[in-house]
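In my numbering, the protein residues as written are 36 to 347. C-beta: ideal position from N, C-alpha, C; glycine also.
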Amino acid sequence: MRLVLGPTGSISSATVNELTSAGKPVRALVRNPAKARKVLASPDRVEFVEGSVEDVQTLKKAFDGVDVFYNCINVPYQQWSRLAEIHGRITDAARKGKARMVFPGNVYIYGHPQTPKVREDHPRNPISRKGRIRVGLEEKFMRLSRIGEVPSVIVRFPDYYGPNAASIAEEIFHSALENKTARWYGRLDVAHEFIFVSDAAKAMVIASERPDAVSQDFNVPGPEPIIVREWIRLVYKQAGFEPKMKGTSPALVRLTGLFNSLAREYVEMQYLAQEPLVLDGTKFDQFFGTKYPARSYEGGIRETLAWMKRSA
């Protein structure tokens, strides 16, 4: 049995969809099954356990008979101080159930890139509070994995986009479909990396199939770095409108943060929108003998826009 935690989120819903399409038995721990049924592609193939990761008994029920679980639990930026406690409860349940964990990592742990492409052995020098929190989580997961308590593998991605992908890119698609001006929270002329969320989910599932991948981390990049301005142009072109876009300076983000709690959380992450950070996927490709992501930006944008039109 495969368990997905938080199955209505970006990577989690895509992971459930990937598992059900492959015919894998899937269980999902979810607060709102009705919402999950609207989000997931094949909800009738999913066994739902209703409840919260905050409840120990619910976790025990969810982990019963589980071999592999995908720990996709996250909370809004403003609540990241709770992540250590939440994931501690999850790993306690996993330890008792002898389940293997797959965890989606991000680039926050690296801080400023010191190489043109960032490999897994790049120094962990986070320059943000959120980056330090992520480093702490990953170090704990790897420590538990090495002593055999919660065998774990971390698969690390750049920014997601795609169906049901709540991310920095989501607003771009909405603006393009409505023929409005897109706002990017950073420089428009800097290279950035995006991964289609379904490709990220495939990488998660691939990593879960190999027990010898435990206690390792793998970077999975987008298809290629792309200048943000060009990526936005691709979105508008496929939406059928002339591109209209506006970048945002760090000073404006800081000013907005004085009045908006979410914008305040973006301030320390502005470096990621001001300089390129490109992941090196060589280790993943060589270890698993396959290459992801497979989706070009043109193909992924087309699928995203089609999904948004159907969901409107």
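If you pair each beta-carbon of the region 109-118 with each one of the region 159-173, do three or more pairs fall below 8 Å?
Put simply, the region 109-118 touches the region 159-173. At least three CB pairs are less than 8 Å apart.
In three-state DSSP terms, what is P139?
Three-state DSSP puts P139 in a strand.
Could you please give me the residues that DSSP links to M280 through a beta bridge?
M280 is bridged to A217.
From what residue to what residue does the beta strand (DSSP E) around Y196 run?
From DSSP, the beta strand (DSSP E) with Y196 extends over 194-196.
Using the three-state DSSP reduction, which class does F98 fall into: helix, strand or coil?
In this structure, DSSP gives F98 a helical state, which the three-state scheme calls helix.
Can you name, in chain order, every residue of its own chain whose Cβ lies under 8 Å from the Cβ of E277, other than the five neighbours on each side?
For E277, where only same-chain residues beyond five positions count, the Cβ hits under 8 Å are Y271.
Under DSSP, the alpha helix (DSSP H) around S296 begins and ends at which residues?
If you look at S296, you'll find it in the alpha helix (DSSP H) that goes 296-301.
For L380, the three-state DSSP class (helix, strand or coil)
Only positions 36 to 347 of the chain appear in this structure, which leaves residue 380 out of reach.
From the DSSP output, which residues share a beta bridge with N160?
Looking at the DSSP output, N160 shares a beta bridge with no other residue.
C-alpha distance - D28 paired with I336, whole-angstrom precision:
The structure shown does not extend to residue 28, since the chain is modelled only from 36 through 347, so no value can be given for it.
Would you call the CB atoms of A201 and T50 closer than 9 Å?
No, the Cβ-Cβ distance between A201 and T50 is not below 9 Å.
Three-state class that DSSP yields for E184 in the structure shown:
Coil at E184, not helix or strand.
Collapsed DSSP secondary structure at Y112 in the structure displayed
Looking at Y112 - three-state DSSP - the assignment turns out to be helix.
Quick check on DSSP: helix, strand or coil for V225?
The answer is coil: DSSP assigns V225 none of H, G, I, E or B.
Straight-line CA distance for V84 to I230?
Each residue's alpha carbon lies about 29 Å from the other.
Let's see if you can read the secondary structure: which residues bound the beta strand (DSSP E) around A63?
According to the DSSP assignment, A63 belongs to the beta strand (DSSP E) that extends over 61-65.
Along the alpha helix (DSSP H) that carries E310, what are the first and last residues, could you check?
Element bounds for E310: n/a, residue is neither H nor E.
Contact set for K281: own chain, Cβ-Cβ below 6 Å, skip 5 residues either direction
If we look at K281 and ignore the five residues flanking it on each side, its Cβ neighbours are T216, R218.
Is there a C-beta anywhere in chain B that falls below 9 Å from the one on A204?
The structure shown contains no chain B; it is built from a single protein chain.
For Y105, list the residues DSSP reports as bridge partners.
In DSSP, Y105 forms a bridge with V39, V137.
Kindly indicate the opening and closing residues of the alpha helix (DSSP H) around E333.
Note, E333: alpha helix (DSSP H), 332-346.
For S210, count neighbouring Cβ atoms within 10 angstroms of its own Cβ and tell me buried if that reaches 16, exposed if not.
With 16 or more other Cβ atoms inside 10 Å of its own Cβ, S210 counts as buried.
Between the Cα of H227 and the Cα atoms of D315, F323, E310, which residue gives the shortest distance?
Comparing C-alpha distances from H227 to each of D315, F323, E310 shows the shortest one belongs to E310.
Kindly indicate the opening and closing residues of the alpha helix (DSSP H) around D234.
First-last of the alpha helix (DSSP H) with D234: 232-243.
Return the residue from the list V91, S331, A242, Q92 that minimises the CA-CA distance to E53.
Taking only the C-alpha atoms, the option nearest E53 is A242.
Where the alpha helix (DSSP H) through N52 begins and ends
N52 -> alpha helix (DSSP H) spans 45-56.
If you pair each beta-carbon of the region 128-143 with each one of the region 51-70, do three or more pairs fall below 8 Å?
Flag = no, the region 128-143 and the region 51-70 do not touch.
Using the rule of at least 16 other Cβ atoms within 10 Å of the residue's Cβ for burial, across every protein chain shown, is D252 buried or exposed?
Looking at its Cβ environment, which holds 16 or more other Cβ atoms inside 10 Å, D252 is buried.
DSSP-derived helix/strand/coil call for Q321
Taken through DSSP and simplified to helix, strand or coil, Q321 comes out as helix.
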